[in-house]
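Have a look at the structure below before the remarks.
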Amino acid sequence: MVLCAQQLSQNPSWGNVQGIRCAGHTLQLCINAAVKLDPICRVIAAARRLVGHFKKSAKATSALTLKQKQQNVAEHKLIQDVSTRWNSTYSMLERLLEHRCPVTAVLSEPGTTHRSDRDLDLTTAQWRIAEDIVSVLRPMITLTELLSQDVNVSLSATLPMLVNMKRRHLLSRDDDSTTVKAVKKKITEEIDKRWELTGSLEGSIYIQAAVLDPMQRNGTTHTQRCRIWLRVYLQQKKLLLRERTAAAQRKVSPHQRGKGQSSRTYQC
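Each residue of the sequence shown is one higher than the one before, counting from 1 in the UniProt record's numbering.
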């Protein structure tokens, strides 16, 4: 899609197709900016150290498996995230929360965990922030997967998906914690900035594509549809007139054009 837009941008008759980018990657950048906020980044760093302890210690891993059996918890391994991929950070935090009890139990065992490693456990406040992060990012997983699939997503679906995400999941609520509000605000700001959603949208190639796609009618207002249909109609009329003028000029021979010019000069 991005390559196609670059090629179309070289042809003025296609109008404004600048600014098209990979939607999945751009959303990744928006969320990466949010998880770098303080104290979120500190909680993620603490979670990495905790998971790293179990990854490096066979003794701790065996003890964790035993605790999972004793507590009737699914015997899942902890996940180490990749700092450049927020979805792996989400998976790491989600898995840690799932196994919080057995993880804490292993860390509190003197025979399994060295005294200096017991402070690797997250504090109550950090566990709460981890829960908040997971709750905000969970809806983003599905959207990121959809935007990253070449076979399912078209240009017309990008803006309706983003608007729907903002309305359903990124609006601040009274019962949201400070962390949740901060993450929602940052993601919203990044989406608006990177997709240029703060100004007039009629000239946006994203909204034009959404308006012209019958499947995306619910993602735009009636006024927007009317204005953009008129804009597209006028653009097509202008393009058609330009093509007809060019075709007419090609039919006139150089001799006839020269004769016409000399005749007009004589008359003047």
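Each residue gets a CB set at the ideal place from its N, CA and C atoms; glycine is no exception. It should be emphasised that the depicted structure is a prediction, and the values quoted were computed from it without experimental measurement.
Looking at residue j and residue i, is the spacing between their C-beta atoms short of 7 Å?
i: Gln126; j: Pro102; result: no
i: Thr84; j: Asp132; result: no
i: Gly52; j: Thr144; result: no
i: Cys41; j: Glu190; result: no
i: Leu78; j: Arg95; result: yes
i: Ala47; j: Leu93; result: yes
i: Val163; j: Ala34; result: no
i: Asp192; j: Ser156; result: no
i: Thr65; j: Glu75; result: yes
i: Tyr90; j: Leu37; result: no
i: Ser172; j: Lys181; result: yes
For residue i, which residues of its own chain have a beta-carbon under 6 Å away from its beta-carbon, when the five flanking residues on both sides are left out?
i: Leu107; result: Thr113, Arg118 and Asp121
i: Gly88; result: What sits at residue 88 in the sequence shown is Ser, not Gly. Answer for Ser88: Asp81 and Val82, listed in chain order.
i: Trp86; result: Ile31, Asn32 and Val35
What residue range does the alpha helix (DSSP H) around residue i cover?
i: Cys30; result: Ala23 to Val35
i: Pro39; result: Taken as a continuous stretch (DSSP letters only), Pro39 belongs to no alpha helix (DSSP H), as it is neither H nor E.
i: Ile205; result: Ile205 to Leu212
i: His169; result: Leu155 to His169
i: Leu64; result: Ala58 to Gln70
i: Pro102; result: Arg100 to Leu107
Can you tell me whether residue i is helix, strand or coil according to DSSP?
i: Arg194; result: helix
i: Asp132; result: helix
i: Val82; result: coil
i: Ile187; result: helix
i: Glu75; result: coil
i: Arg138; result: helix
i: Thr89; result: helix
i: His53; result: helix
i: Ser116; result: helix
i: Arg95; result: helix
i: residue 269; result: The structure shown does not extend to residue 269, since the chain is modelled only from 1 through 268, so no value can be given for it.
i: Thr123; result: coil
i: residue 269; result: One cannot answer for residue 269 here, as it falls past the ends of the chain, which runs 1 to 268.
i: Arg244; result: helix
i: Arg173; result: coil
Taking 6 Å as the cut-off, does the CB of residue i come closer than this to any heavy atom belonging to the ligand HEM?
i: Leu162; result: Among the components of this structure there are no ligands whatsoever, and the ligand HEM is therefore not found.
Quick one: residues in its chain with C-beta nearer than 8 Å to the C-beta of residue i, no 5 flanking neighbours on either side, listed in chain order?
i: Leu147; result: Ala23, Gly24, Leu27, Val153, Thr158 and Met161
i: Glu109; result: Ala63
i: Ala105; result: Lys67 and Gln71
i: Arg168; result: Pro139
Quick one: does residue i have its CB under 7 Å from some CB of chain D?
i: Thr124; result: The chain labelled as chain D is not found in the depicted structure, where only one protein chain is given.
Beta-carbon within less than 7 Å of residue i's beta-carbon, same chain only, minus the 5 sequence neighbours each way: which residues are those?
i: Ile187; result: Cys30, Ile31, Ala34 and Leu170
i: Pro39; result: Ile129
i: Ala209; result: Leu155 and Ser156
i: Val134; result: Tyr90, Leu93, Glu94 and Leu97
i: Lys251; result: none
i: Ala248; result: none
i: Phe54; result: Ala60, Thr61, Leu64 and Leu78
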